[in-house]
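Visitor: Numbering-wise, this note's numbering puts 176 at position 131 of the sequence shown, and it's gapless, one number per residue.
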Amino acid sequence: MADVENGEADLLYFPPVEIQNEAHVQSMDQYREMYKKSVEDPAGFWGEIAKQYHWESPQTGQFLSYNFDYTKGPISIKWLEGAKTNICYNAVDRHVENGQGDKIAFYWEGNDPDDHGKITYRELRAKVCKFANVLRNLGVQKGDRVAIYMPMILEISVAMLACARIGAIHSIVFGGFSSESLADRIQDAKCRLLLTADGVWRGSKLLNLKEISDEAIAKCRQHGHEVEKCVVVRHLSPFEEQVVEGDGDSVEEPPAKRPARQLRIRWHHDYDLWWHELMEKASDECDIVWMDAEDPLFMLYTSGSTGKPKGVLHTVGGYMIYSSTTFKYVFDYHPDDIYWCTADVGWITGHTYVTYGPLINGATGIIFEGTPFYPDAGRFWATVEKYKVTKFYTAPTAIRAIMRYGDEFVTKYDRSSLKVLGTVGEPINPEAWLWYYNVVGNKQCAIVDTFWQTETGGHVLTPLPGATPTKPGSATFPFFGIVPHILSEDGKEIKDEGEGYLVFSQPWPGMMRTVYGNHERFETTYFKKFPGFYTTGDGARRDKDGYIWVTGRIDDMVNVSGHLLSTAEIESALVEHKAVTEAAVVSHPHSIKGECTYCFVTLREGYEFTEDLEIELKRMVRTKIGPFAEPDFIQNAPGLPKTRSGKIMRRILRKVAVGNRDIGDASTLADESVVDLLFDLRPDNV
Ligand code: 6R9
């Protein structure tokens, strides 16, 4: 067991010699030299890297033009404007043309360990071409948005690449979101096409994605937005289908592979189409649409502090260069690697480090449908042994959850293939870091704690496996091209040791370009707090050795198991319940999830706070947002601590949530007695 208290966490962990000797970057001196060039001459540095990819025609405008200071005009970021390329061509065709067609692009590992598959680059090219033709036949054109609501199956990457091939903008919605969240995102992006699957097993839970999709389509219709077609992958019912006539629609009740796993889905002849039927008829050759480097590639929604999610927009050229370069250096990629990122493609980590980054490098990756606990808590390491995984990337919340089951689930599997172990999504506590290092990595692996965001497109603070001495819990230093600063509340730079707001002063190729359909929101959210800087929304501390430690969100955002949720979004779900007049949600520490949500609800006259109501309220949040957003704690709050101007003092609610009566200065409160009452009503089970 890691001995955090005895100072193990304060030690420096140096790169293992074998990793260092074959690494792309082998020392801090080499890192510093490359870093210096990347920030002093971004056009030279990235221009050199850009030569590795195929460009159909050279850039015509400037290599880089930008404005980070809204007082001087609109915020804009442009890399390689005028250059024509296609990310699908670079991720797939290029490798086939270079003689790598027989290399495995992905292994697919199903929820059930007996379910697996694989696809070579050549086969992937054929599938992508077919589906790109399907999209074209359905009338999808360059610039159209396509919604994707799919599980972790090969088709999700095929769908992304097919969109990219013809210049359609994909908008993936994570399979754990509710029909309401899906409908909101479809409408915001004005998608006319939805791609989904019948359903998926996650551990021992069955998710009927088609039913959720149907509900979302119906909700869109109620709001006057028409989803014209829904393409459904037959995933749980791979064999002969049976059609049972229903009332009006027909109900498909196909025999499942395993009898216990039958899934009934409703079939709507006006909009539903089977993926496999469309694919059968489509040609496996499809022309590439050459895109401007600054054309949109995809949008991905992330929580906004006002409650309404933001469609983060990424563009083709910069994202291509950045996703692949961070992949190459941060995982120290070599052609014989077997790389596994456990993230769902529905999140940015899956976009950049399951699909695009690895494929652009020609890597062999794994798409994993299951969970870390099915069939048991050894699943990750059984899978590492099965495929001889060399580079592994997961979230601290998964590490903490697995740790609880004891070391044996890890040590009984052969992990000697592992070289680099990555984490992402939230700060990793030193204890989990040390367990990952000592037990999983057997002290033979480099740990890379990678800090980044949906908005940054790829890693921005991270160690490099062959170069950076690491400290448990620190994301260490900036990646190439990233210029971090720590600012105080009044915008003063904290140069040496100290803590404040984490911001960046220069653009990098993979950063977001705008919020889809709302450039003003982009400017306000990220650029108005400190003119001239991109604000991450996170706090950070620099220690005496210059290491950066990300301390967590400083806006009204909660990071539950690595998923960012806005407290405002949960509050608005709660007040939709007829019993609730007001709600205030704060973050509460959680030993596995990192953080969880603690909700205060003020009830309407005539309603009583009961266990049933608590269950109903939790369900309300599940259905409005998604199962992963379900609150852990709900507390009755006859009143909320407010300032005289009516602002809820969340700082005080956070103290109530953890039962800490040391609430500090409460003099600005309109009514101080409310605080004592809240402490008295605090449930015992917290
Ligand atoms: C990639 C991703 C972004 C937020 C980010 C921060 C937190 C991510 C972290 C980390 C500390 C790390 N975060 N990685 N905090 N150390 N290594 O997770 O994107 O879903 O947009 O979340 O996650 O708070 O601002 P996204």
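Ideal Cβ positions, reconstructed from N, Cα and C, are used throughout, including at glycine.
Can you tell me whether glycine 362 is helix, strand or coil according to DSSP?
Guide: Reduced to three states, the DSSP call for glycine 362 is helix.
Visitor: So, at 7 Å on beta carbons, what are the nonlocal neighbours of leucine 547 in its own chain, with the 5 sequence-adjacent residues on each side left out?
Guide: Answer for leucine 547: Pro529, Ile531, Thr581, Asp583, Gly584, Ala585, Val595, listed in chain order.
Visitor: For phenylalanine 413, does the three-state DSSP call read helix, strand or coil?
Guide: DSSP places phenylalanine 413 in strand when its eight states are reduced to three.
Visitor: Does the segment 370-381 come into contact with the segment 638-645, if we say contact requires no fewer than three beta-carbon pairs (one atom in each stretch) closer than 8 Å?
Guide: The segment 370-381, when compared against the segment 638-645, does not touch it at the 8 Å Cβ threshold.
Visitor: With respect to the alpha helix (DSSP H) encompassing serine 202, which residues constitute its N-terminal and C-terminal limits?
Guide: That run of the alpha helix (DSSP H) goes 199-211.
Visitor: Please give the ranges of any alpha helix (DSSP H) in the segment 419-496, keeping only runs that are unbroken, at least 4 residues long and fully inside the region.
Guide: The qualifying runs are 424-432, 441-448, 453-456, 475-480.
Visitor: Around the ligand 6R9, which residues pass a check of Cβ closer than 7 Å to any of its heavy atoms?
Guide: Those residues, listed in chain order, are Thr347, Trp392, Ile393, Thr394, Thr468, Val469, Gly470, Glu471, Pro472, Ile473, Asp494, Thr495, Phe496, Trp497, Gln498, Thr499, Glu500, Ala520, Thr581, Gly582, Asp583, Val595, Gly597, Arg598, Asn604, Gly607, His608, Leu609.
Visitor: Write down every uninterrupted run of the beta strand (DSSP E) in the segment 146-193 whose length is 3 residues or greater and which is fully enclosed by it, in chain order.
Guide: Those beta strand (DSSP E) runs which fall completely within the segment 146-193 and span 3+ residues are 149-154, 161-165.
Visitor: Roughly how many angstroms separate the alpha carbons of isoleucine 670 and serine 611, rounded to a whole number?
Guide: Straight-line Cα distance between these residues: approximately 11 Å.
Visitor: Of the residues Asp160, Ala715, Glu717, Trp319, which one's Cα is nearest the Cα of leucine 239?
Guide: Residue Trp319 is the option with its Cα nearest to leucine 239.
Visitor: With a cut-off of 8 Å, do at least 3 Cβ pairs link the segment 93-104 to the segment 531-544?
Guide: The segment 93-104, when compared against the segment 531-544, does not touch it at the 8 Å Cβ threshold.
Visitor: How is the alpha helix (DSSP H) around glutamate 322 delimited, first residue to last?
Guide: Counting along the chain, the alpha helix (DSSP H) containing glutamate 322 begins and ends at 320-326.
Visitor: If we count the other Cβ atoms within 10 Å of its Cβ and call it buried at 16 or more, is glutamate 285 buried or exposed?
Guide: With a pLDDT of only 38 at glutamate 285, under 50, the local geometry of the prediction cannot be trusted, and no value is derived from it.
Visitor: With which residues is proline 634 paired in a DSSP beta bridge?
Guide: In the DSSP output, where bridge partners are listed per residue, proline 634 has Glu640.
Visitor: Looking only at its own chain, which residues have a Cβ that is under 6 Å from the Cβ of alanine 263, when we skip the five neighbours before and after it?
Guide: Nothing listed; no residue qualifies.
Visitor: Which two residues bound the contiguous alpha helix (DSSP H) that contains threonine 596?
Guide: First-last for threonine 596: 593-598, but that is the beta strand (DSSP E), not the alpha helix (DSSP H).
Visitor: Can you check the segment 655-694 for any beta strand (DSSP E) of at least 3 residues that lies completely inside it and give the ranges in chain order?
Guide: Whole beta strand (DSSP E) segments, 3+ residues: 678-681.
Visitor: Can you find the residues in the same chain that come closer than 6 Å, C-beta to C-beta, to alanine 702, ignoring five residues on each side of it along the sequence?
Guide: Closer than 6 Å at Cβ, skipping near neighbours: Val631, His633, Tyr643.
Visitor: Curious, which full-length beta strand (DSSP E) runs of at least 3 residues does the segment 340-391 contain?
Guide: Segments of the beta strand (DSSP E) lying fully in the segment 340-391: 341-347, 355-360, 383-386.
Visitor: Give me the Cα-Cα distance between proline 472 and tryptophan 478, rounded to the nearest whole angstrom.
Guide: Distance between the alpha carbons of proline 472 and tryptophan 478: 10 Å.
Visitor: Touching or not, the segment 164-181 and the segment 313-328, by the rule of three or more beta carbon pairs under 8 Å?
Guide: Result yes; three or more Cβ-Cβ pairs closer than 8 Å.
Visitor: Could you have a look at cysteine 236 and say whether DSSP puts it in helix, strand or coil?
Guide: Coil, per DSSP.
Visitor: With arginine 706 as the anchor, note down where its alpha helix (DSSP H) starts and where it stops.
Guide: Where arginine 706 is concerned, there is no enclosing alpha helix (DSSP H), given that its DSSP letter is neither H nor E.
Visitor: Closer than 7 Å: is that where the CB of serine 350 sits relative to any heavy atom of the ligand FMN?
Guide: As far as ligands go, the structure on display features the ligand 6R9 and does not contain the ligand FMN.
Visitor: Give a yes or no on contact between the segment 382-393 and the segment 217-225, applying the rule of three or more CB pairs nearer than 8 Å.
Guide: Contact between the segment 382-393 and the segment 217-225 is present, because at least three Cβ pairs lie under 8 Å.
Visitor: Under a three-way DSSP split, which group does aspartate 292 fall into?
Guide: With a pLDDT of only 41 at aspartate 292, under the threshold of 50, the placement of this residue in the model should not be trusted; the figure read from the coordinates follows. In the structure shown, aspartate 292 sits in coil (DSSP, three-state: anything other than H, G, I, E or B).
Visitor: Is the beta carbon of glutamate 653 closer than 8 Å to that of isoleucine 679?
Guide: It is not a contact, given that the beta carbons lie outside the stated cut-off.
Visitor: Going by C-alpha to C-alpha distance, which of Arg237, Tyr398, Gly415 sits closest to serine 249?
Guide: The option with the nearest alpha carbon to serine 249 is Gly415.
Visitor: Check each candidate in Leu125, Ala491, Gly356 and name the one with the smallest Cα separation from glycine 362.
Guide: It is Leu125 whose Cα lies nearest to the Cα of glycine 362.
Visitor: Quick one: what's leucine 547 bridged to in DSSP?
Guide: Answer by DSSP bridge pairing, in chain order: Ile531.
Visitor: If contact is defined by three or more beta carbon pairs under 8 Å, each pair taking one atom from either stretch, is the segment 427-445 in contact with the segment 457-469?
Guide: They touch, by the three-pair rule.
Visitor: How many angstroms separate the CA atom of serine 489 from the CA atom of valine 277?
Guide: One detail in the question is off: residue 489 reads as glutamine in this sequence, not serine. Computed Cα separation, rounded: 44 Å.
Visitor: Please report the straight-line C-alpha distance between tryptophan 497 and alanine 443, rounded to a whole angstrom.
Guide: So the two alpha carbons sit approximately 18 Å from each other.
Visitor: I need the straight-line Cα distance from glycine 511 to proline 686, nearest angstrom please.
Guide: Distance between the alpha carbons of glycine 511 and proline 686 is about 51 Å.
Visitor: Do threonine 521 and threonine 513 have their beta-carbon atoms positioned less than 8 Å apart in this structure?
Guide: Contact flag set, yes.
Visitor: In angstroms, rounded to a whole number, what distance separates the CA positions of alanine 674 and aspartate 315?
Guide: Taking the straight line joining both Cα atoms gives about 33 Å.
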